[in-house]
Amino acid sequence: MSAEGGGVDFHRVIPRRGTGCLKWDGAAERFGAEVLPMWVADMDFAAPDTVIADLQERLNHPVFGYPGNEGAMLQAAADWLARRHDWRPESDAIACISGVVPALYAAVRAFTRPGEAIIVMPPIYPPFMTAVEDNGRELLLAPLIADDTGHYRMNWDALEIAVQRAKLLLLCSPHNPVGRVWTPEELQRLGTLCADADCVVVSDEIHADLSQHPHCPFPSRFPRSILLTSAGKSFNLAGLGGGVSVIPDAGLRRTFLTEVRHSQIQHTNLFALTAMTGAWRHGAEWQSALRGYLADNARFISEYLMRELPEVGYRQPEFGYLAWLDVHHYGNDESLARHLLQAGLGLNPGPSFGPGGEGFMRLNFAAPRSVLEEGLGRLRQALHR
1 MSAEGGGVDF HRVIPRRGTG CLKWDGAAER FGAEVLPMWV ADMDFAAPDT VIADLQERLN
61 HPVFGYPGNE GAMLQAAADW LARRHDWRPE SDAIACISGV VPALYAAVRA FTRPGEAIIV
121 MPPIYPPFMT AVEDNGRELL LAPLIADDTG HYRMNWDALE IAVQRAKLLL LCSPHNPVGR
181 VWTPEELQRL GTLCADADCV VVSDEIHADL SQHPHCPFPS RFPRSILLTS AGKSFNLAGL
241 GGGVSVIPDA GLRRTFLTEV RHSQIQHTNL FALTAMTGAW RHGAEWQSAL RGYLADNARF
301 ISEYLMRELP EVGYRQPEFG YLAWLDVHHY GNDESLARHL LQAGLGLNPG PSFGPGGEGF
361 MRLNFAAPRS VLEEGLGRLR QALHR
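Numbering (the UniProt record's numbering), first residue to last: 1 to 385.
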């Protein structure tokens, strides 16, 4: 397919060093050396032209006071959910949040008390675990199970036991880092299990728009749940912050939004409102092209590994741009980290995602093909030492 979409050439290499970005400028501090950074989950692509134009138009007005256009953004979010995921929540179900991770922390405080158990399914995005532990709750693990092909599934035996004493389950849907888009059947089973046990589900769906398969918003089937999302991952706007919660159940919504106000995370800043409104209104063509480019990158990784590193376990992800690489054949986590550093490559170590991450690394392939090829070459150099 063409690398062009919505006015953006995804093959174009855009220098990011010196822009104050965590991914590139923060890599040396994180890894202790200059590396090619393919770790933190943002993309090396320009945002859609329409979003940049909307931001530039707003910048043309020299006063940046408190914004009052949250309603436009919330309507754009509802319209996007209807077009992209075939579900339109009621207008009063959607509210602003300052970001998905702060809202995840707020949900822990809203629905549990110190010492109570919360279910998390590792390996998983680290804030799911820190949101529990930092708030003094018990981390109750129901680790995912992988087959010989690297396909992960939920651990139903562990979940059936865990829900009997948990007040809350934190769901990553789609699941970062293992690359799963949960099927409607899996979500139905999970939702029924939690509903029967009166266990509230908070579903982080920030990667959903990048799914290569149909995605089912959790509250579309189980209204007594909370959906958290943003345009940050979908359109590469993560540095602007912001997001929305979607809670169809009025009682849960009151409880959650009370904690959101207590935490003072109920507002979205002026430029995030502008960017997300524009992205959700006008970014569909750009994002469709993006998904195609990412799918091509995922296939490129598969072909490269089969040819050059056949002992690396890799299953093409069902969404987004995060490759979950099984590298345990090449050494232990400590030696692998050392070899990667020597090769000048910065990846997320698997153990940072909790139990089940040992012997894995996460590679962010949201980059021009030439950069991805350079990164895979450095991975080959590291693993062949």
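Glycine included, every Cβ here is placed at the ideal spot set by N, Cα and C.
Of all alpha-carbon atoms in Thr274, Val246, Phe235, Leu341, the one lying nearest the alpha-carbon of Ala289 is that of Phe235. In chain order, Arg221 place their CB closer than 7 Å to the CB of Gln188, counting only its own chain and leaving out the 5 sequence neighbours on each side. Residue pairing by DSSP places His175 opposite Arg180 in a beta bridge. Going by C-alpha positions, Leu74 is about 38 Å away from Ala146. Proximity to Phe365 across Leu379, Lys167, Glu308 peaks at Leu379, based on C-alpha coordinates. Runs of beta strand (DSSP E) with 3 or more residues, each lying fully within the stretch 69-97, are found at 94-97, listed in chain order.
Residue burial is scored here from C-beta neighbours: Asp42 has at least 16 other C-beta atoms within 10 angstroms and is therefore classed as buried. Judged by DSSP in its simplified three-state form, Asp326 adopts strand. Per the coordinates, the alpha-carbon of Val35 lies some 42 Å from the alpha-carbon of Gly68. One thing to note: Met38 has its Cβ within 8 Å of the Cβ of Gly346. The stretch 271-286 makes no contact with the stretch 102-121, as fewer than three CB pairs between them are under 8 Å. Ranked by how close their Cα comes to the Cα of Phe111, the residues Asp54, Thr258, Ala82 have Thr258 in first place. When beta bridges are read from the DSSP output, Ala117 appears opposite Glu138, Ala166. Annotated three-state conformation of Ile247 is coil, per DSSP. Per the DSSP secondary-structure output, Pro219 pairs with nothing in a beta bridge. By the Cβ test, the stretch 325-338 is in contact with the stretch 351-368, since at least three Cβ pairs between them sit closer than 8 Å. Contact between the stretch 200-211 and the stretch 171-178 is present: three or more C-beta pairs spanning the two stretches fall below 8 Å.
Arg291: not part of any beta strand (DSSP E); member of the alpha helix (DSSP H) spanning 284-308, first to last residue. Counting along the chain, Asp333 sits inside the alpha helix (DSSP H) bounded by residues 333-343. Within the model, the alpha-carbon separation for Asp134 versus Ala106 is close to 11 Å.
Contact annotation, Pro317 with His11: C-beta distance approximately 21 Å; criterion of less than 8 Å not satisfied. Scanning the stretch 19-61 for uninterrupted alpha helix (DSSP H) segments of 4 residues or longer gives 22-25, 27-31, 49-59, listed from N- to C-terminal end.
DSSP, reduced to helix, strand and coil, places Pro349 within a strand of the structure shown. Under DSSP, Leu187 shares a beta bridge with no residue. Setting aside the 5 residues that flank it on each side, Thr50 is surrounded in the same chain by Gly278, His282, each with a C-beta closer than 6 Å to its C-beta; the list follows chain order. Going by beta carbons, Phe300 and Pro126 fall outside the 8 Å limit.
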